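K.L.:
Just dropping this structure here.
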Amino acid sequence: MNSSRNNFKILSVLTFVYIILFEFILPINKFLPKPTILFESFLHVWQDYSLLSGMLITTGTIYFAIGFSLILLWIFRVFIIKLFLSFQALEVLQLFKSIPVFLLILMTAFWFDGLELAKIIFAILITFISLSRVLAKELSRIKPEYIAVGMNLNPQKIYSEVYWQASLPSLLELAIRFQRILWLIILTYEFVATSFGMGTIMRLALQYKDLGAIIVIGIIQALLIWLGTVTIRFVKKKIAFWES
17 MNSSRNNFKI LSVLTFVYII LFEFILPINK FLPKPTILFE SFLHVWQDYS LLSGMLITTG
77 TIYFAIGFSL ILLWIFRVFI IKLFLSFQAL EVLQLFKSIP VFLLILMTAF WFDGLELAKI
137 IFAILITFIS LSRVLAKELS RIKPEYIAVG MNLNPQKIYS EVYWQASLPS LLELAIRFQR
197 ILWLIILTYE FVATSFGMGT IMRLALQYKD LGAIIVIGII QALLIWLGTV TIRFVKKKIA
257 FWES
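In terms of our numbering, the sequence shown is residues 17 to 260.
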């Protein structure tokens, strides 16, 4: 609670300084627009740049990829956990960290020429691999007492309840952190492949040298990421309530 109040106070002070500095003291510059221009940009950016459509597409792609990947892991959890425990899955999955994401974006954009479905599949694959890597890591860290408690269960139950339940809090925690990375990946994909979304809109604003629109879109993205964080944390408390 105190942390939230301190953050609010800092934000209020920075906002006040920004208004005084850029509205009354500094002339028009290329770094930050005047607050009045920024306010006008909030109004025109929705219509002139079709921001609502782009926002829905980008946000939908990102959180659909996270939700769908988690559901896939849950549906096939027994098979996946068996597979990961039978060989060094973590070492194999860690290899994907060495592949530059930007290269994958360029290759996907080249192969599929900005196809919307390709963007969604690309987001799901990136998310699923990242979550799988965390699952493999957590499986190697499960406390022996958890396994001992489940010894009376049949093997299927051990995989679906003991191993999965012990790993779920970490998977959801990664989803909270990974959404920020996925935002950057999808915005870059849209920017490069001209696949419609907030990334394409930012590219258009950059071409028009519309600084106000760029900052407004950035603020909206920050709010969406914050809302995503709050939502996933809420879900985590509901379905991973056993975490200490």
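For each residue, glycine too, the CB sits at the ideal point set by N, CA and C. Everything numeric in this text was worked out from a predicted model, so none of it was measured.
In three-state DSSP terms, what is arginine 196?
P.N.:
Secondary structure of arginine 196 (DSSP, three-state): helix.
K.L.:
Taking a contact to mean a Cβ-Cβ separation below 8 Å, would you say tyrosine 79 touches glycine 244 in this structure?
P.N.:
yes
K.L.:
Quick check on the burial criterion: 16 or more other C-beta atoms within 10 angstroms. Buried or exposed for tryptophan 242?
P.N.:
exposed
K.L.:
Mapping the DSSP letters down to three states, classify arginine 219 as helix, strand or coil.
P.N.:
helix
K.L.:
Between phenylalanine 138 and the rest of its own chain, which residues show a CB-CB distance below 7 Å, the 5 nearest in sequence each way excluded?
P.N.:
Thr124 and Tyr205
K.L.:
Measure the CB-CB distance between serine 211 and glutamate 132 and report whether it falls below 8 Å.
P.N.:
yes
K.L.:
Give every residue of the same chain whose Cβ lies closer than 7 Å to the Cβ of serine 186, excluding the five residues on either side of it in the sequence, and list them in chain order.
P.N.:
Val150 and Glu154
K.L.:
Rounded to the nearest angstrom, what separates phenylalanine 8 and isoleucine 36 at their Cα positions?
P.N.:
Because the chain is modelled from 17 through 260, residue 8 falls outside the range shown and cannot be assessed.
K.L.:
Buried or exposed: tryptophan 199, going by 16 or more other Cβ atoms within 10 Å of its Cβ?
P.N.:
Answer is buried; the Cβ neighbour count reaches 16.
K.L.:
Rounded to whole angstroms, what's the CA-CA distance from arginine 249 to isoleucine 41? Just pull it up for me.
P.N.:
42 Å
K.L.:
Would you call the region 49-66 in contact with the region 224-237, where contact means no fewer than 3 C-beta pairs closer than 8 Å?
P.N.:
yes
K.L.:
For valine 246, count neighbouring Cβ atoms within 10 angstroms of its own Cβ and tell me buried if that reaches 16, exposed if not.
P.N.:
exposed
K.L.:
Alpha carbons only, please: which of Ser176, Val232 and Ile73 is nearest the one belonging to glutamate 56?
P.N.:
Val232
K.L.:
Thinking just about the alpha-carbon of each residue, which of Ile201, Ile26, Ala238 and Gln237 is nearest to the one in leucine 119?
P.N.:
Among Ile201, Ile26, Ala238 and Gln237, the Cα nearest to that of leucine 119 belongs to Ile201.
K.L.:
May I ask you to report which of helix, strand or coil DSSP gives isoleucine 201?
P.N.:
In the three-state reduction of the DSSP assignment, isoleucine 201 falls in the helix class, which pools H, G and I.
K.L.:
Taking the beta carbon of tryptophan 90 as the centre, do at least 16 other beta carbons fall within 10 Å, making it buried, or is it exposed?
P.N.:
exposed
K.L.:
Is serine 114 buried or exposed, if buried means 16 or more other CB atoms sit within 10 Å of its CB?
P.N.:
exposed
K.L.:
Put lysine 294 into one of helix, strand or coil per three-state DSSP.
P.N.:
A query on residue 294 cannot be resolved here, the shown segment of the chain reaching from 17 to 260 and no further.
K.L.:
Assuming contact is defined by CB atoms lying nearer than 8 Å, are glycine 70 and isoleucine 217 in contact in what I supplied?
P.N.:
yes
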